[in-house]
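What follows is a short report on a single structure.
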Amino acid sequence: MSVFVGIDVGNTHTTIGWWNGAWQHEWRLTTKAQRTRDEWTIVLEATLRRAGYPLQDIAQMAVSSVVPAVTADLSYAARELKLPCDVISAGHIHSVHIAYDPPEAVGADRLCGVAAALHKLGAPVIVADLGTATVIDVVDAARVYRGGIIAPGVATAAESLHQATALLPKVNLNFPENVIGGNTVEAIQSGILYGAISLIDGLVVRIQTEIGPAPVVATGGFADLLRGASETITHVDQRLVLEGMRLLAMREWS
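Just so you know, this note's numbering puts 195 at position 215 of the sequence shown, and the rest follows in order with no gaps.
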């Protein structure tokens, strides 16, 4: 048995997925940068064992992380558990010119999403990762990674609005029936969610003005919620980063 384990460390959550011919299981943990490296070792070993795979069956592990402290701790945990571990970076992605200054500043999660989207749909392609931040990445028809756009995510915007005001409450992030909110809760929901849709769709239209028509692949915690109201999102793939990580780490992507 040859099992691949991918660990996607985001600012809010860490996803651990394992692949054995297809993606089999996924676990979501809270990302805690204050965990010690020994705690990460215990958490990683317990999670993998609960999945039912002996550690010796794991042929490769890869980490895509936007939290440097956790990256170092997971690398340590892999060594302790004697697991081959690859930390994804700009050096993994080939046959795409990274026109970003500097190339190593592109987040590993962005590289993985781009790799999977290109493998699935070819170029040009636009990737929208809708999580703590709203991150849009762009690859043009010449397979040049042009860069992208970073904006506050849906939950981040909602929390910021609540924290910065005395009277506006926290609200459940569900679409109201109408764009025009009939009360304060609906008004906030409309502003946050329809505002996010308008942001995404408006930016995609501007991007396509620069690079031409391109499919838009959405991933991240808010992708499923926002897709139905979007006029530009063409695909949703919640395993996009994990799959890109696997393709890059296992050298199955070109």
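Beta carbons are placed, not taken as given, at the ideal position from N, Cα and C, and that holds for glycine.
- Query: What are the start and end residues of the alpha helix (DSSP H) that includes residue 18?
  - Reply: For residue 18, the uninterrupted alpha helix (DSSP H) run begins and ends at 17 to 30, by DSSP.
- Residues of its chain near residue 31, where Cβ-Cβ distance is below 7 Å and the 5 sequence neighbours each way are ignored: Once the five neighbours on either side are set aside, the close Cβ partners of residue 31 are -2 and 5.
- Query: Which residue comes first and which comes last in the alpha helix (DSSP H) that contains residue 56?
  - Reply: Note, residue 56: alpha helix (DSSP H), 48 to 60.
- Pick from 225, 152, 72 and 119 that is closest to residue 187, judged by C-alpha positions: Per the Cα distances, 119.
- Query: Where do the N-terminal and C-terminal ends of the alpha helix (DSSP H) with residue 89 fall, by residue?
  - Reply: Per DSSP, the unbroken alpha helix (DSSP H) holding residue 89 starts and ends at 88 to 101.
- List in chain order: all unbroken alpha helix (DSSP H) runs of 4+ residues lying wholly within the stretch 204 to 233. Counting only runs of 4 or more, we get 220 to 229.
- Task: Could you tell me the distance, in whole angstroms, from the CA atom of residue 45 to the CA atom of residue 99?
- Result: So the two alpha carbons sit approximately 21 Å from each other.
- Cα separation between residue 223 and residue 162? Cα to Cα, the separation comes out at about 42 Å.
- Message: Measuring only the C-alpha atoms, how far is residue 127 from residue 229?
- Response: Their Cα atoms are separated by approximately 22 Å.
- Item | Where residue 181 sits in the DSSP three-state scheme | Helix, per DSSP.
- Task: State buried or exposed for residue 72, treating a residue as buried only when at least 16 other CB atoms are found within 10 Å of its CB.
- Result: The Cβ neighbour count for residue 72, taken over all protein chains shown within 10 Å, is at least 16; the residue is labelled buried.
- Message: Can you tell me whether residue 81 is helix, strand or coil according to DSSP?
- Response: In the structure shown, residue 81 sits in coil (DSSP, three-state: anything other than H, G, I, E or B).
- Message: Contact between the stretch 193 to 202 and the stretch 105 to 117 is defined here as three or more beta-carbon pairs at a separation below 8 Å; is this criterion met?
- Response: The stretch 193 to 202, when compared against the stretch 105 to 117, does touch it at the 8 Å Cβ threshold.
- Task: Please list, in chain order, all residues of the same chain as residue 84 whose beta carbon is under 8 Å from its beta carbon, the five residues on each side excluded.
- Result: The answer, listed in chain order, is 69 and 70.
- Task: Output the boundary residues of the alpha helix (DSSP H) element that contains residue 119.
- Result: Unbroken run through residue 119 is the beta strand (DSSP E), 113 to 119; no alpha helix (DSSP H).
- Message: On the criterion of 16 or more Cβ atoms from any shown chain inside 10 Å, does residue 115 qualify as buried, or is it exposed?
- Response: Burial state of residue 115 is buried, judged by a 10 Å Cβ sphere holding 16 or more other Cβ atoms.
- With which residues is residue 33 paired in a DSSP beta bridge? DSSP, once it has assigned bridges, lists no residue as partnering residue 33.
- Query: Using the beta-carbon count (16 or more within 10 Å), is residue 121 buried or exposed?
  - Reply: Exposed.
- Task: Check each candidate in 17, 87 and 22 and name the one with the smallest Cα separation from residue 129.
- Result: Per the Cα distances, 87.
- Item | Separation of residue 47 from residue -11, as counted between CA atoms | Distance between the alpha carbons of residue -11 and residue 47: 7 Å.
- Message: Under 8 Å: do the stretch 74 to 84 and the stretch 23 to 42 share three or more Cβ pairs, one atom per stretch?
- Response: No, the stretch 74 to 84 is not in contact with the stretch 23 to 42.
- Report all residues from its chain with a CB closer than 7 Å to the CB of residue 104; omit the five preceding and five following residues, and keep chain order. Counting only Cβ-Cβ distances below 7 Å, and skipping sequence neighbours, we find 119, 120, 121, 191, 192 and 194.
- Would you mind working out which of 170, 94 and 212 sits nearest residue 185, comparing C-alpha positions? Here the closest residue by C-alpha is 212.
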